[in-house]
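Asks: Please read through the structure below; I'll follow up with questions.
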Amino acid sequence: MNKLINSIDTNADGWDGPGGPQDLFFTKDETFRYPRIVRTDDIYLYEDNGNQLIDISSGPVASNLGHNNQRVVKAIQDQVAKLPFVTNRTGRTNENIELAAKLAALAGEGFERSFYVSGGSEAVETAIQFARQWAWANGETERTKLFSLLPSYHGGTVAALALSGDEAVEPIYKDMAVMPERISAPLSYRPLEGLTHEQNEDRILRRFEDRVNELGSEKCLAIFLEPVGGLASGCNVLSQRFVKGVREVCDRHGMMMIFDEVMSGAGRTGAFLTAHYHPEAKPDLVVLAKGIGSGYIPLGIMLAPASKVDRLRELTGFNYGHTSNTNPLACAVGIATIEELTTRNLIKNAADTGAYLEERLWALAETVPVIGDVRGLGFLLAPEIVCDRHNKTIFSAEAKAPDTLRQLGFDHGLSIYARRTNNGKYGDWIMTSPPLTTTRNQVDEMIDRLDQTFRAFVDRMTVEGHRIG
Ligand SMILES: Cc1ncc(COP(=O)(O)O)c(C=O)c1O
């Protein structure tokens, strides 16, 4: 065994022996370094060689409280010692009841009930099944058609991947999965040629309703929206008028509007739910994950109105479940996360310090010729990378722009979440979405490191012959 461990320690890239790290399942790329992280604290990750990295993206936009949060650590320790597991089919738990009360108070009217699963994809699946069972129980048995935006991301299971708007994965699964109807996302940086952003939004809304009419209202179930996008759209923000337009179409045709807030929820955008920015166009269901467990434990949640949950209960009940639903340990982490968010005023910090980060990113764009746009809300932000700002031209695939930035980030003290999505058709970006605990001084530290990373990127692109400007 010692021999194996020694060979593991000296083996930087390849892996000849059994076992091995998870990245052996990913695309082989000898130029890409996977740092071995041995310790974390606050916004910092530490490599085995002592190198410090700032977690500028909160991992995959999940570590909302930062790392090594002592309230959460203690909650986990106490809960494991007291009640790590009981299934919700055999008993109630105080942790479930307390978390549900806290969530209802923060989420507000229309989101009184919550259903607990193990992550974002499962929560999306839960919402699909809730919408379908609601229609079925109410005698609307033909309602099956789902709609989603292109580009978008809704998760990694076959159903959630099919729902996601990603043309790169579509050919692989389209014959196995129930494919949704795709509606163009209103990309603020790239409206359709010749149209203003608002004209483009109106065009998309008309197209949405036309398609519902073509299919027949009675067949249309729901539309999923990311109110602020993530890696699929580089934090594209849906406007109030667009969301209101979608709501109106849904109301006219008896469809549900479902917000996927796996990334944007739990305070990240400066409100507990991004839905709170849309008081005139409330979604029927909201899906949370990532930040509500803050990376400490897998936790996904569907928020639903009491009116629908209670009515469905009278009709058929909601028939859906996994072994780990409503896991008390996960609920304890959810409670501790909410306590941290509220006692430390972290949601307001996401709004205020997020605005400061956005301002500093725009200032960086003045000196870095490859930042074409900065988008997002609160601490859910992304600078878009272009090789020509005037024409908004995207780097060629060979440049591997997001991956190169990710790699160069390691050399300049940053851990960056980025990869090309949709084969780069809608643009390239990196996630600048730090923990909600981030201070203004830490933003300054991030910007210094980003500045160095982008300079190294421009140098690398120039040496490799990619035209900039
Ligand atoms: C908007 C959105 N929905 C769903 C998911 C899937 O969540 P999970 O990876 O926890 O299954 C993600 C993950 O990135 C996401 O960003």
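For reference, each letter of the sequence shown is one residue, going 1088 to 1556 in my numbering. No residue lacks a Cβ here, since even glycine has one placed at the ideal position from N, Cα and C.
Is DSSP giving I1517 helix, strand or coil here?
Replies: Locating residue 1517 in the sequence shown gives position 430, counting from the first residue. I1517: coil per DSSP, three-state reduction.
Asks: Look at the alpha carbon of N1089 and the alpha carbon of G1104, and state the distance between them as a whole number of angstroms.
Replies: Your numbering for residue 1089 matches position 2 in the sequence shown. Your numbering for residue 1104 matches position 17 in the sequence shown. Low local confidence applies: a pLDDT of 38 at N1089 is under 50, so the model's placement there is unreliable, and no value is given.
Asks: Please report the Cβ distance between L1233 and L1308, rounded to the nearest whole angstrom; I am assuming they are in contact, meaning their Cβ atoms lie under 8 Å.
Replies: Here residue 1233 refers to the residue found at position 146 of the sequence shown. Here residue 1308 refers to the residue found at position 221 of the sequence shown. Contact flag correct, Cβ pair sits at about 6 Å.
Asks: Is E1254 closer than 9 Å to L1302 when the C-beta atoms are compared?
Replies: Translated into the one-based positions of the sequence shown, residue 1302 becomes position 215. Translated into the one-based positions of the sequence shown, residue 1254 becomes position 167. It is not a contact, given that the beta carbons lie outside the stated cut-off.
Asks: Report yes if the CB atom of F1466 is closer than 9 Å to the CB atom of T1356, and no otherwise.
Replies: Taking the sequence shown and counting its residues from 1, the one referred to as residue 1466 is at position 379. Taking the sequence shown and counting its residues from 1, the one referred to as residue 1356 is at position 269. Cβ atoms of F1466 and T1356: closer than 9 Å.
Asks: Any heavy atom of ligand 1 closer than 8 Å to the beta-carbon of H1409?
Replies: Sequence index remark: in the sequence shown, residue 1409 carries index 322 (1-based). Not under cutoff, so the answer is no.
Asks: Which residues share a DSSP beta bridge with S1271?
Replies: The residue given as residue 1271 occupies position 184 in the sequence shown. Answer by DSSP bridge pairing, in chain order: L1237.
Asks: Is D1253 close to ligand 1? I mean its beta-carbon at under 8 Å from any heavy atom of the ligand.
Replies: Your numbering for residue 1253 matches position 166 in the sequence shown. Not so, every heavy atom of ligand 1 lies at least 8 Å from the Cβ.
Asks: From which residue to which residue does the alpha helix (DSSP H) around T1549 run?
Replies: As a working mapping, residue 1549 is identified with position 462 in the sequence shown. R1527 to V1550 is the span of the alpha helix (DSSP H), which, as asked, contains T1549.
Asks: Spatial neighbours of V1265 within its chain, please: CB distance less than 8 Å, with the 5 preceding and 5 following residues excluded, ordered by chain position.
Replies: Counting from 1 along the sequence shown, the entry for residue 1265 is found at position 178. Cβ within range, chain order: T1231, L1233, A1246 and A1249.
Asks: Nearest-angstrom Cα distance between R1447 and T1430?
Replies: For the purposes of this step, residue 1447 is taken as residue 360 along the sequence shown, with counting starting at 1. For the purposes of this step, residue 1430 is taken as residue 343 along the sequence shown, with counting starting at 1. Whole-angstrom Cα-Cα distance: 27 Å.
Asks: Between which two residues does the alpha helix (DSSP H) carrying V1148 extend?
Replies: Counted from its first residue, the sequence shown places residue 1148 at position 61. Residues S1145 to V1148.
Asks: Which stretch, first to last residue, makes up the alpha helix (DSSP H) that contains Y1443?
Replies: On the sequence shown, residue 1443 is found 356 positions in, with the first residue counted as 1. Counting along the chain, the alpha helix (DSSP H) containing Y1443 begins and ends at L1433 to T1454.
Asks: Compare the C-alpha of V1211 against each of Y1240, G1281 and L1292 and name the closest.
Replies: As a position in the sequence shown, residue 1211 is number 124, starting the count at 1. Here the closest residue by C-alpha is Y1240.
Asks: Between D1439, S1411 and G1556, which has its C-alpha nearest N1478's C-alpha?
Replies: Counting from 1 along the sequence shown, the entry for residue 1478 is found at position 391. Here the closest residue by C-alpha is G1556.
Asks: What does a CB cutoff of less than 8 Å around Y1131 pick up in its chain, not counting 5 residues either side in sequence?
Replies: What you label residue 1131 is simply residue 44 of the sequence shown in a count that begins at 1. Cβ neighbours of Y1131 beyond the five flanking positions: Q1139, L1140, I1141, D1142 and H1154.
Asks: In terms of residue numbering, what span does the beta strand (DSSP E) encompassing V1461 cover?
Replies: Here residue 1461 is taken as the residue at index 374 of the sequence shown, counted from 1. Unbroken beta strand (DSSP E) run through V1461: I1458 to L1464.
Asks: Would you kindly work out how many angstroms separate the C-alpha atoms of L1495 and E1185, rounded to a whole number?
Replies: What you label residue 1495 is simply residue 408 of the sequence shown in a count that begins at 1. What you label residue 1185 is simply residue 98 of the sequence shown in a count that begins at 1. Taking the straight line joining both Cα atoms gives about 44 Å.
Asks: To which residues of the same chain is T1410 closer than 8 Å at the C-beta, ignoring the five residues directly before and after it?
Replies: Walking along the sequence shown from the start, residue 1410 turns up at place 323. Closer than 8 Å at Cβ, skipping near neighbours: T1174.
Asks: Between which two residues does the beta strand (DSSP E) holding T1127 run?
Replies: Translated into the one-based positions of the sequence shown, residue 1127 becomes position 40. Per DSSP, T1127 belongs to the beta strand (DSSP E) from I1124 to D1128.
Asks: How would you write the range of the alpha helix (DSSP H) that P1489 sits in, first residue to last?
Replies: Here residue 1489 corresponds to residue number 402 of the sequence shown, with the count starting at 1. A1488 to D1498 is the extent of the alpha helix (DSSP H) around P1489.
Asks: Please indicate yes or no: does the CB of Y1240 lie closer than 8 Å to some heavy atom of ligand 1?
Replies: The count along the sequence shown starts at 1 and reaches residue 1240 at position 153. It does: the Cβ of Y1240 is within 8 Å (strictly closer) of some heavy atom of ligand 1.
Asks: What do you reckon, is the C-beta of G1243 under 8 Å from a heavy atom of ligand 1?
Replies: Against the sequence shown, residue 1243 aligns to sequence position 156. Yes, Cβ of G1243 sits closer than 8 Å to a heavy atom of ligand 1.
Asks: Within 10 angstroms of its Cβ, does P1314 collect 16 or more other Cβ (buried), or is it exposed?
Replies: Reading the sequence shown from its first residue, position 227 is the one you call residue 1314. It counts as buried.
Asks: Does the distance between the C-beta of A1376 and the nearest non-hydrogen atom of ligand 1 fall short of 8 Å?
Replies: Taking the sequence shown and counting its residues from 1, one reaches residue 1376 at position 289. Indeed, a heavy atom of ligand 1 lies less than 8 Å from the Cβ.
Asks: Run the proximity test for L1236: is its beta-carbon closer than 8 Å to any non-hydrogen atom belonging to ligand 1?
Replies: Locating residue 1236 in the sequence shown gives position 149, counting from the first residue. It does not: the Cβ of L1236 is nowhere closer than 8 Å to a heavy atom of ligand 1.
Asks: Pull the bridge partners of M1263 from the DSSP assignment, please.
Replies: Reading the sequence shown from its first residue, position 176 is the one you call residue 1263. Bridge partners of M1263: none, in fact.
Asks: Run the proximity test for P1489: is its beta-carbon closer than 8 Å to any non-hydrogen atom belonging to ligand 1?
Replies: Walking along the sequence shown from the start, residue 1489 turns up at place 402. Checking the Cβ of P1489 against ligand 1 gives no.
Asks: Please list the terminal residues of the continuous alpha helix (DSSP H) segment that includes E1401.
Replies: Mapped onto the sequence shown, residue 1401 falls at position 314. First-last of the alpha helix (DSSP H) with E1401: A1393 to L1402.
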